[in-house]
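Asks:
In the numbering used here, the protein residues as written are 1 to 145.
#1: Quick check on residue 111: does DSSP put it in helix, strand or coil?
#2: If distances are taken between C-alpha atoms only, which option among 89, 74 and 44 comes closest to residue 63?
#3: Within a Cβ cutoff of 7 angstroms, which residues of the same chain sit near residue 14, ignoring the five residues on either side of it in sequence?
#4: Within a Cβ cutoff of 7 angstroms, which residues of the same chain sit near residue 126, ignoring the five residues on either side of it in sequence?
#5: Roughly how many angstroms separate the alpha carbons of residue 32 and residue 108, rounded to a whole number?
#6: Checking 8 angstroms against the spacing of the C-beta atoms, do residue 75 and residue 136 come in under that value?
#7: Where residue 45 and residue 123 are concerned, what is the direct C-alpha to C-alpha distance, given to the nearest angstrom?
#8: Taking DSSP as the reference, what is the three-state secondary structure of residue 59?
#9: Give a yes or no on whether the C-beta atoms belonging to residue 6 and residue 144 are separated by under 8 angstroms.
#10: Residues in its own chain within less than 7 angstroms of residue 85 by CB, not counting five upstream and five downstream?
#11: Hey, could you find the ends of the alpha helix (DSSP H) residue 137 is sitting in?
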């Protein structure tokens, strides 16, 4: 099995973890509709922030590994370039999501300086970043098919 394929499989695991965190923050839930804190468990934003940092570290490692493969010439350069572009876009989205979780954690701890307008701006930038990495997903799938 190609080492690039092995790294791509690891990337898929990281993407799954990232998507899980995204869903924990943004999915519509009964808890958000009916906020009854004595029945539902609150979201642990600090834990999500920590998990996103781990994902970011993993993505950075994958990028370094693929860059090494690209420089060695042992794999198709186009595959490596698409992979690195995808990881760059995903890393940026993960960083923005980590910023959102950090701000929400601080807000949950009583630091009320985080304004709704700031949240909305950050979420808009995040949604754009998601669109960007998502668009490259089709290229990734076709290159690795």
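Virtual Cβ for every residue (Gly too), placed ideally from N, Cα, C.
Replies: On the basis of the supplied data:
#1: For this step, residue 111 is matched to residue 111 along the chain shown. Looking at residue 111 - three-state DSSP - the assignment turns out to be coil, as it is neither helix nor strand.
#2: As a working note, residue 63 is residue 63 in the chain shown. Considering only alpha carbons, the answer is 89.
#3: Numbered from its first residue, the chain shown carries residue 14 at position 14. So the list reads 55, 58 and 59, once near-sequence residues are dropped.
#4: Sequence index remark: in the chain shown, residue 126 carries index 126 (1-based). These residues qualify, in order along the chain: 93, 96, 97 and 100.
#5: Reading the chain shown from its first residue, position 32 is the one you call residue 32. Reading the chain shown from its first residue, position 108 is the one you call residue 108. Only weak support is given to the placement of residue 32: the predicted model assigns it a pLDDT of 49, under 50, and the question is left unresolved by the model.
#6: Stepping through the chain shown from its first residue, residue 75 is reached at position 75. Stepping through the chain shown from its first residue, residue 136 is reached at position 136. Their beta carbons are not under 8 angstroms apart, which means residue 75 does not touch residue 136 by this criterion.
#7: As a first step, residue 45 is located in the chain shown; it is residue number 45 there, counting from the start. As a first step, residue 123 is located in the chain shown; it is residue number 123 there, counting from the start. Distance between the alpha carbons of residue 45 and residue 123 is about 16 angstroms.
#8: Stepping through the chain shown from its first residue, residue 59 is reached at position 59. DSSP places residue 59 in helix when its eight states are reduced to three.
#9: The residue you call residue 6 lines up with position 6 of the chain shown. The residue you call residue 144 lines up with position 144 of the chain shown. No, the Cβ-Cβ distance between residue 6 and residue 144 is not below 8 angstroms.
#10: Counted from its first residue, the chain shown places residue 85 at position 85. Excluding sequence neighbours, residue 85 sits near 136.
#11: Start at 1 with the first residue of the chain shown, and residue 137 comes out as number 137. First-last of the alpha helix (DSSP H) with residue 137: 116 to 144.
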